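**Q** Pasting a structure below so you can have a look.
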Amino acid sequence: MRIAFVGKGGSGKTTLSALFARHLARSGAPVLAVDGDINQHLAEALDPDAAPFTAPPLAGHLGEIKDFLRGTNPLIPSREAMVKTTPPGRGSRLLSLLGADELHARHVQPVGGVPLMVTGEFDESDLGVACYHSKLGAVELYLGHLVDGPGEYVVVDMTAGADAFASGLFTRFDMTFLVAEPTRRGVSVYRQYRDHAQEFGIPLAVVGNKVTGEDDLLFLKEQTGDHLLTHLTHSSWVRSAERGTPQGELEDTNRHALDVLRAAVDARPKDWPALHRHAVDFHLRNARAWANEATGRDLASQVDPEYVPGRLPDA
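According to the working numbering, the sequence shown holds residues 67 to 381 in order.
Laid out in structure tokens, this is it:
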């Protein structure tokens, strides 16, 4: 299952992404964390004392990733013909989670007991000429070619605010958790996500964070209604961990909240036809908007009508 953590900057979505990924990993579940934020802090959140993350970022090797994923698909003759929304088809190289393939071997590094991939930060060559969504294209392609099974989890720390809606990436998830503080600004992003999620049928749940009392919880309920799934209280353990001196264990109430998140994810049925339908829809949108002109091709021809989503080649 693919899980996105989104929210306003400073809401705690990176912290929640790390807590949830570690929670899953400690249970023995197969899990991969992906840092898809422009501010790359997930490795530090997973383990403040870990050695530097040295696995190459996805965005810096987009050409090689395209070559690997297109495989022998006859509808994609070159990396130049492949864009971030290009859906898989017959002959494409599909991935199992943390499988024995060159993409995972090259780009994944364990941090705090959790396998991690990162998109990569802006560098000088990007400044003034590129947007961060070009970096996220590698994550979009990865998720588009991933065949994850029951009880497997991909946890993605997304960009802050509503930036995820600038591409079709927001449709690649089985569940989106919106982290909200109990303030007006904290729930402001919720309304944008709620409206877009409803339009495309995207599962969305709100996770309250830094709750200090009944007034905070009541405010979140008033602002987000039935979308409020659970909440985490203000955590002295998280604060001490972020200072590099963790004291004791995560509070029982907050561990329970992580259990609630997992139960919500596990209750979601995997809808491969919907995931593929969204992928094709956004690919055609991008083709018309910019990609046909950029590549000099009619990229609608990349959609394979006989492709069956959700199956590995030998399945």
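Where is the CB? At the ideal position from N, CA and C, for every residue including glycine. Small disclaimer: the values here were computed from a predicted structure and weren't measured.
Rank Val100, Lys79, Asp113 and Ala355 by C-alpha distance to the C-alpha of glycine 310 and give the top, closest one.
**A** It is Asp113.
**Q** Beta-carbon within less than 7 Å of serine 77's beta-carbon, same chain only, minus the 5 sequence neighbours each way: which residues are those?
**A** Val245, Ala246, Glu247, Gly252 and Asn275.
**Q** Determine which residues share a DSSP beta bridge with isoleucine 69 and list them.
**A** Paired residues: Val221 and Met241.
**Q** Which first and last residues belong to the alpha helix (DSSP H) in which lysine 384 is found?
**A** Lying outside 67 to 381, the shown extent of the chain, residue 384 is not represented and no answer is given.
**Q** Taking Cβ to Cβ, would you say leucine 141 is nearer than 8 Å to aspartate 364?
**A** Not a contact, by the Cβ cut-off of 8 Å.
**Q** Please classify glycine 203: does DSSP put it in a helix, a strand, or coil?
**A** Looking at glycine 203 - three-state DSSP - the assignment turns out to be helix.
**Q** Buried or exposed for leucine 161, going by 16 or more other Cβ atoms inside 10 Å?
**A** Buried is the call here.
**Q** Can you tell me whether cysteine 197 is buried or exposed, with buried defined as 16 or more other CB within 10 angstroms of its CB?
**A** Here the model assigns cysteine 197 a pLDDT of 47, short of 50, so the residue's position is not dependable, and the following value carries that caveat. So cysteine 197 ends up on the exposed side.
**Q** Do proline 339 and proline 379 come within 8 Å of each other at the CB atom, strictly closer than that value?
**A** Against a cut-off of 8 Å, the Cβ pair of proline 339 and proline 379 comes out as no contact.
**Q** Would lysine 201 be called buried (16 or more neighbouring beta carbons within 10 Å of its own) or exposed?
**A** By the 10 Å Cβ count, lysine 201 comes out buried.
**Q** Can you tell me whether glycine 186 is helix, strand or coil according to DSSP?
**A** Coil.
**Q** Give the range of the alpha helix (DSSP H) segment to which lysine 287 is assigned.
**A** Looking at the DSSP string, the run of the alpha helix (DSSP H) that includes lysine 287 is 280-290.
**Q** Please state whether DSSP places asparagine 105 in a helix, a strand or coil.
**A** If DSSP states are grouped into helix, strand and coil, asparagine 105 belongs with coil.
**Q** Quick check on this structure: which residue in Leu108, Ala84, Val97 and Val205 has the alpha carbon closest to the alpha carbon of threonine 237?
**A** Nearest of Leu108, Ala84, Val97 and Val205 to threonine 237, Cα basis: Val205.
**Q** Please look up how many angstroms separate the CB atoms of leucine 235 and alanine 99, rounded, as I've assumed it's under 8 Å.
**A** Wrong, their Cβ atoms sit about 16 Å apart, outside the cutoff.
**Q** Could you please give the first and the last residue of the uninterrupted beta strand (DSSP E) stretch that includes lysine 150?
**A** Taken as a continuous stretch (DSSP letters only), lysine 150 belongs to no beta strand (DSSP E), as it is neither H nor E.
**Q** Any idea which residues DSSP pairs histidine 297 with across the strands?
**A** Histidine 297 is bridged to Gly274.
**Q** For proline 339, which of helix, strand or coil comes out of DSSP?
**A** DSSP places proline 339 in helix when its eight states are reduced to three.
**Q** Using only the alpha-carbon positions, how far apart do leucine 82 and leucine 295 sit?
**A** Looking at the two C-alpha atoms, the distance is approximately 14 Å.
**Q** Please tell me whether glycine 179 and arginine 88 are closer than 8 Å, where the distance is taken between their beta carbons.
**A** Yes, these two residues count as a Cβ contact at 8 Å.
**Q** Grab the span of the beta strand (DSSP E) containing valine 255 for me, first residue to last.
**A** Valine 255 -> not in any beta strand (DSSP E); alpha helix (DSSP H) instead, spanning 250-266.
**Q** By a C-beta neighbour count over all protein chains shown, 10 Å radius and 16 as the cutoff for buried, is arginine 92 buried or exposed?
**A** Per the 10 Å Cβ criterion, exposed.
**Q** Taking leucine 327 and phenylalanine 239 to be in contact with their CB atoms under 8 Å, please state how far apart those CB atoms are, rounded to whole angstroms.
**A** Not quite, the Cβ-Cβ distance comes to about 13 Å (not below 8 Å), so this is no contact.
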